[in-house]
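S.K.: Residue numbers (this note's numbering): 497 to 963.
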Amino acid sequence: ACSDGESLSDGHYGIRDNTRQDNRQGYQSFEHFNIKQENELGYERGPVSQDRSEMKTEVKEEEAAPSHNISASGYNAPPSNYSSSVSGYNASASSYNAPPSGYNTSDSYQSWQQQQQPQQGHKRTFEESRGRGYYEYREDKRGRSPQPPAEEDEDDFDESLVAIDTYNCDLHFKVARDRFSGYPLTIEGFAFLWSGARATYGVRRGRVCYEMKINEEISVKHLPSTEPDPHVVRIGWSLDSCSTQLGEEAFSYGYGGTAKKSTNCKFENYGETFSENDVITCLVDFECGDDVEMSFMKNGKWLGMAYRLRKENLGGQALFPHVLAKNCAIEFNFGQREDTFFPVPPGFTFIQHLPLSERVRGTIGPKNKRECEMLMMVGLPAAGKTTWAIKHAAANPAKKYNILGTNAIMDKMRVMGLRRQRNYAGRWDVLIQQATQCLNRLIQIAARKKRNYILDQTNVYGSAQRR
497 ACSDGESLSD
507 GHYGIRDNTR
517 QDNRQGYQSF
527 EHFNIKQENE
537 LGYERGPVSQ
547 DRSEMKTEVK
557 EEEAAPSHNI
567 SASGYNAPPS
577 NYSSSVSGYN
587 ASASSYNAPP
597 SGYNTSDSYQ
607 SWQQQQQPQQ
617 GHKRTFEESR
627 GRGYYEYRED
637 KRGRSPQPPA
647 EEDEDDFDES
657 LVAIDTYNCD
667 LHFKVARDRF
677 SGYPLTIEGF
687 AFLWSGARAT
697 YGVRRGRVCY
707 EMKINEEISV
717 KHLPSTEPDP
727 HVVRIGWSLD
737 SCSTQLGEEA
747 FSYGYGGTAK
757 KSTNCKFENY
767 GETFSENDVI
777 TCLVDFECGD
787 DVEMSFMKNG
797 KWLGMAYRLR
807 KENLGGQALF
817 PHVLAKNCAI
827 EFNFGQREDT
837 FFPVPPGFTF
847 IQHLPLSERV
857 RGTIGPKNKR
867 ECEMLMMVGL
877 PAAGKTTWAI
887 KHAAANPAKK
897 YNILGTNAIM
907 DKMRVMGLRR
917 QRNYAGRWDV
927 LIQQATQCLN
937 RLIQIAARKK
947 RNYILDQTNV
957 YGSAQRR
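1. Using DSSP with H/G/I as helix, E/B as strand and the rest coil, what is Asn765?
2. Could you check what DSSP says for Ser853 in three-state terms: helix, strand or coil?
3. Would the beta-carbon of Cys665 fall within 8 Å of that of Gly692?
4. Closest by CA to Gly812, which one among Lys946, Arg694, Arg855 and Asn773?
5. From His668, Lys945 and Ser771, pick the residue whose C-alpha is nearest to that of Lys865; which is it?
6. Short check: CB of Leu951 to CB of Leu900, under 8 Å?
7. Considering just the uninterrupted stretch of the alpha helix (DSSP H) at Leu820, what are its terminal residues?
8. Under the three-state reduction of DSSP, which class applies to His528: helix, strand or coil?
9. How should Ala767 be labelled, buried or exposed, when 16 other C-beta atoms within 10 angstroms of its C-beta is the threshold for buried?
10. What does a CB cutoff of less than 7 Å around Val840 pick up in its chain, not counting 5 residues either side in sequence?
11. Could you tell me whether the region 923 to 942 touches the region 700 to 717, using the rule of 3 or more Cβ pairs below 8 Å?
12. So which of Asn809, Ile847 and Leu779 has the shortest CA-CA distance to Trp798?
13. Within its chain, find whatever has a CB closer than 8 Å to the CB of Ala942; leave out the 5 residues flanking it on each side and keep chain order.
14. Taking 6 Å as the limit between beta carbons, can you name the residues of its chain near Lys757, skipping five residues before and five after?
15. Based on the DSSP secondary-structure assignment, which residues constitute the bridge partners of Cys665?
16. How far does the alpha helix (DSSP H) with Lys881 in it extend, from its first residue to its last?
17. Do the region 781 to 791 and the region 669 to 678 meet, that is, are 3 or more Cβ pairs less than 8 Å apart?
18. Three-state secondary structure (DSSP) at Asp464?
19. Could you check which residue in Gly743, Ser734, Asp907 and Gly702 has the C-alpha nearest to that of Phe846?
20. Would DSSP call Lys756 helix, strand or coil?
21. What separation, rounded to the nearest whole angstrom, lies between the Cα atoms of Phe770 and Asp725?
22. Can you tell me which of the three DSSP states Met906 falls into?
23. For Leu852, count neighbouring C-beta atoms within 10 Å of its own C-beta (all shown protein chains included) and say buried if the count is 16 or more, exposed if not.
24. Going by DSSP in three states, Glu707 sits in which element: helix, strand or coil?
25. For Trp701, does the three-state DSSP call read helix, strand or coil?
26. Got a sec? Which residues, its chain only, sit under 6 Å from Cys824 by beta carbon, not counting five neighbours each side?
27. Taking only three categories from DSSP, how would you classify Ala825?
28. Under a Cβ-count criterion, where at least 16 other Cβ atoms within 10 Å of its own Cβ denotes burial, should Asp736 be classed as buried or exposed?
29. Hey, could you find the ends of the alpha helix (DSSP H) Glu808 is sitting in?
30. Is Leu810 near Val788, with beta carbons less than 8 Å apart?
31. Between Ala695 and Phe838, how many whole angstroms is the CB-CB distance? I'm expecting something under 8 Å.
32. Under a Cβ-count criterion, where at least 16 other Cβ atoms within 10 Å of its own Cβ denotes burial, should Glu827 be classed as buried or exposed?
33. Please name the residue, chosen from Ala894, Phe653 and Val658, that lies closest to Arg833 on a Cα-to-Cα basis.
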């Protein structure tokens, strides 16, 4: 540093300006340094280049530090016996002993490595030197559980209208904003699944009807060519306590596009086949004395009576419009349309046109997440978890538990009411893998809906616990 407190500039010791002269003791001007004097041999002054872009911007080390390797006037060389070693330093080269000729440094390093590694079967010793802060940092670096997804936004809807019930439908059935149309998921393994939905209101008196149109048969080219009936719809009536699998249990009455009617998994020939752009009209007549009659129409053509049952068998319960679709987009007309698709028989009224007092509202779901219930089955495979979940859901029909499990997925892959395992020619392990992928997707959908769930899954695996 300079004695008078002035700062240094440009890395030159004691020099602020190369043209400045100073008479202080110990100071020599820049002109006294013998740096490439012009009278040196071979030195020629060249013209200064006008191109500034070609000027050198780097300075050699010997030019940047003029005090190094430069002989200044009055400098005396050190004596011949001068030693630059630091006083007190004992590691002189003369006292150093070389290692023996057979010494191998790699063997020594390997033995040192083995000493550092913990022995098998022994716990690592606690490293006190790391301190508490280290472990708190590691705890902060751990992966956190994902934040729960936002709840599904529900648009304001007139509850007095008859529409598709977003609470009484399968998780993989997508309901349109107008609540009068919808379609099932068809990606990956969902193309094997049936998807059902019920209407918000049912009836138990009068002569009532509604219409259903198949708007589109959704492309499912990823299905194998051996898949029976990749596009099919089943339409009809069911009680509010029934599952969404129309026609596969008691008090669930359906008519399918394969020209079959079914109830309680009993399939019989009825009517005609129907497919894309066809309209099916569903009729129910409670004014037949002590009986209830159900019939269907295809594109305005009456197909005859399909079911007749005793009123007392229903126990005063209402029948609800119900659809079960497989890879088809459908649309309902409950009476909200100004024009019907096809004329209806005289004496029948669309369910929407009935007074509100003559309609029966279906089960209303929880209003918020606090009212929802979640049961998790814990146990090893074949411990009876699925059996308990099915019995518990049947014993509490008012809660309408949605069972999330691979077995529940496989039940929705039925063919003519029979389990897929008996009617599948492909690789069974591949189908199970697709069912597992569907389950993972359904769990994500379920997190956004306000419902009651039973998670029927073996959660002894780390991957399952993370979900």
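Beta carbons are placed, not taken as given, at the ideal position from N, Cα and C, and that holds for glycine.
M.R.: From the atom records:
1. For this step, residue 765 is matched to residue 269 along the sequence shown. Note: Asn765 maps to strand in three-state DSSP.
2. Taking the sequence shown and counting its residues from 1, one reaches residue 853 at position 357. Of the three classes helix, strand and coil, the one that applies to Ser853 here is helix, per DSSP.
3. In the sequence shown, residue 665 corresponds to position 169, counting from 1. In the sequence shown, residue 692 corresponds to position 196, counting from 1. Against a cut-off of 8 Å, the Cβ pair of Gly692 and Cys665 comes out as a contact.
4. If you number the sequence shown from 1, residue 812 lands on position 316. Selected option, being the one with the closest Cα: Arg855.
5. As a first step, residue 865 must be located in the sequence shown, where it is residue number 369. Comparing Cα positions, the closest option is Lys945.
6. If you number the sequence shown from 1, residue 951 lands on position 455. If you number the sequence shown from 1, residue 900 lands on position 404. Yes. Within cutoff.
7. The residue labelled residue 820 in the question sits at position 324 within the sequence shown. Premise fails: Leu820 lies in the beta strand (DSSP E), Phe816 to Lys822, not in any alpha helix (DSSP H).
8. On the sequence shown, position 32 is the one that residue 528 refers to. Note that His528 scores 45 on pLDDT, short of 50, meaning its location in the model is unreliable; the coordinates nonetheless yield the value given after this. DSSP places His528 in helix when its eight states are reduced to three.
9. For the purposes of this step, residue 767 is identified with residue 271 of the sequence shown, where counting begins at 1. Reading off the sequence shown, one finds Gly at residue 767, where the question assumed Ala. It counts as buried.
10. Mapped onto the sequence shown, residue 840 falls at position 344. Answer for Val840: Cys705 and Thr777, listed in chain order.
11. no
12. Within the sequence shown, the letter at position 302 stands for residue 798. Of Asn809, Ile847 and Leu779, the residue nearest in Cα terms is Leu779.
13. By 1-based counting over the sequence shown, the position of residue 942 is 446. Leu667, Asn898, Leu900 and Tyr949.
14. One-based indexing of the sequence shown puts residue 757 at position 261. Correct list, in chain order: Tyr751, Glu764, Tyr766 and Ala802.
15. By one-based count along the sequence shown, residue 665 stands at place 169. Paired residues: Ala693.
16. As a first step, residue 881 is located in the sequence shown; it is residue number 385 there, counting from the start. Lys881 -> alpha helix (DSSP H) spans Lys881 to Ala891.
17. no
18. Because the chain spans 497 through 963 in this model, residue 464 falls outside it and cannot be assessed.
19. The count along the sequence shown starts at 1 and reaches residue 846 at position 350. The shortest Cα separation from Phe846 among Gly743, Ser734, Asp907 and Gly702 belongs to Gly702.
20. Residue numbering aside, residue 756 sits at position 260 when the sequence shown is read from its first letter. Three-state result, Lys756: strand.
21. Here residue 770 is taken as the residue at index 274 of the sequence shown, counted from 1. Here residue 725 is taken as the residue at index 229 of the sequence shown, counted from 1. If I take the Cα positions, the gap works out to 12 Å.
22. What you label residue 906 is simply residue 410 of the sequence shown in a count that begins at 1. Residue state, collapsed to three classes: helix.
23. Taking the sequence shown and counting its residues from 1, the one referred to as residue 852 is at position 356. Exposed, since its Cβ has fewer than 16 Cβ neighbours within 10 Å.
24. On the sequence shown, residue 707 is found 211 positions in, with the first residue counted as 1. Note: Glu707 maps to strand in three-state DSSP.
25. Stepping through the sequence shown from its first residue, residue 701 is reached at position 205. Sequence inspection shows Arg at residue 701; the Trp mentioned does not correspond to that position. In the structure shown, Arg701 sits in coil (DSSP, three-state: anything other than H, G, I, E or B).
26. As a first step, residue 824 is located in the sequence shown; it is residue number 328 there, counting from the start. If we look at Cys824 and ignore the five residues flanking it on each side, its Cβ neighbours are Ile710, Glu713, His727 and Val729.
27. Looking up residue 825 in the sequence shown gives position 329. In the structure shown, Ala825 sits in a strand (DSSP, three-state: E or B).
28. To locate residue 736, count along the sequence shown from 1; it is residue 240. Answer is buried; the Cβ neighbour count reaches 16.
29. Position 312 of the sequence shown, counted from the first residue, corresponds to residue 808. Lys807 to Leu810 is the extent of the alpha helix (DSSP H) around Glu808.
30. Numbered from its first residue, the sequence shown carries residue 810 at position 314. Numbered from its first residue, the sequence shown carries residue 788 at position 292. A contact, by the Cβ cut-off of 8 Å.
31. As a working note, residue 695 is residue 199 in the sequence shown. As a working note, residue 838 is residue 342 in the sequence shown. Incorrect: roughly 19 Å between the Cβ atoms, too far for contact.
32. Locating residue 827 in the sequence shown gives position 331, counting from the first residue. The residue in question, Glu827, is buried, as its Cβ has 16 or more Cβ neighbours within 10 Å.
33. Taking the sequence shown and counting its residues from 1, the one referred to as residue 833 is at position 337. Ranking Ala894, Phe653 and Val658 by Cα distance to Arg833 puts Val658 first.
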